[in-house]
Amino acid sequence: MEDQKTKDNIKPTKERIFDVSLELFADKGFDGVSVREIARTVGIRESSIYNHYPSKDAIMDSIFAYFQKELVKMRPPEARNPNKINKITPDIFHERVNRTLDILRTPKMAKIFQISSSEQFRDERAKNIILNALIKEPQQFTENVLKKMVENKVIKPIDPEILAVEFQYPLFTLFLEYLILRSEGSDTSTVEKAISNHVDYFVDTIRRE
Numbered sequence: 405m406e407d408q409k410t411k412d413n414i415k416p417t418k419e420r421i422f423d424v425s426l427e428l429f430a431d432k433g434f435d436g437v438s439v440r441e442i443a444r445t446v447g448i449r450e451s452s453i454y455n456h457y458p459s460k461d462a463i464m465d466s467i468f469a470y471f472q473k474e475l476v477k478m479r480p481p482e483a484r485n486p487n488k489i490n491k492i493t494p495d496i497f498h499e500r501v502n503r504t505l506d507i508l509r510t511p512k513m514a515k516i517f518q519i520s521s522s523e524q525f526r527d528e529r530a531k532n533i534i535l536n537a538l539i540k541e542p543q544q545f546t547e548n549v550l551k552k553m554v555e556n557k558v559i560k561p562i563d564p565e566i567l568a569v570e571f572q573y574p575l576f577t578l579f580l581e582y583l584i585l586r587s588e589g590s591d592t593s594t595v596e597k598a599i600s601n602h603v604d605y606f607v608d609t610i611r612r613e
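Residues in the sequence shown are numbered from 405 upward in steps of one, following this note's numbering.
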């Protein structure tokens, strides 16, 4: 424990403010945390917070910006590269899901998801994370990838829009269940198996015989 405290104290002050705020917002909600409490937990004067962030809202902005930046990593590099997108195969969906799980296993991302879920009905930024970054954008990305694979005759001539919805919405629910179980310290093997089965079934469905 002492070693961890020493490591935390070595971090730049702005990073320590970010990390402490993340923990407090996840535990108490945004409105339940004051700048004074953040400063006290970090171990600095309240006025020192404003040398790094102009307001508590600015800290939350940086947390959501970090989340969105990390989410881009869910997309396999070849699907983001115009020169390689013509070479993608249905197996890209396995890679994408594995990348997503790797990201969601990081404590920071799990905490930010927790904040987004609890704040989405009172904070426009959190609602935007849920609706756009976690639902609409991944669905649109999946649709574009499917469209490209149909054009290249890599998969069956399916409707990319419908298939993207069929793939993405159950996946979002399964990821949500996964994060809830992890936050409780519960076993996630069953839901991880369900995620794997969902992707296997989807890939088998669209693959050309």
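All C-beta atoms, glycine included, are put in the ideal place defined by N, C-alpha and C.
- Note: R509 is not bridge-paired with any residue in the DSSP secondary-structure output.
- Counting C-beta pairs with one atom in each stretch, the region 420 to 436 and the region 511 to 523 have three or more that are closer than 8 Å, which means they touch.
- Within the region 555 to 608, the runs of alpha helix (DSSP H) at least 4 residues long that lie entirely inside it are, in chain order, 564 to 588.
- When only Cα atoms are considered, K560 and I516 end up about 38 Å apart.
- With distances taken between CA atoms, I599 lies nearest to L505 out of L505, S438 and V569.
- Per DSSP, T417 is one residue of the alpha helix (DSSP H) stretching across T417 to K432.
- Straight through space, the alpha carbons of E547 and I421 are spaced by roughly 39 Å.
- If the five residues before and after R612 are omitted, its C-beta is found closer than 8 Å to the C-beta atoms of K557, V558, I559 and K560, all from its own chain and listed in chain order.
- For V476, there is no enclosing alpha helix (DSSP H), since its DSSP letter is neither H nor E.
- The alpha-carbon of R529 is positioned some 15 Å away from that of S459.
- Beta-carbon to beta-carbon, E441 and L428 are separated by about 7 Å, close enough to satisfy the 8 Å threshold.
- No Cβ-Cβ contact shorter than 8 Å links I463 with M553.
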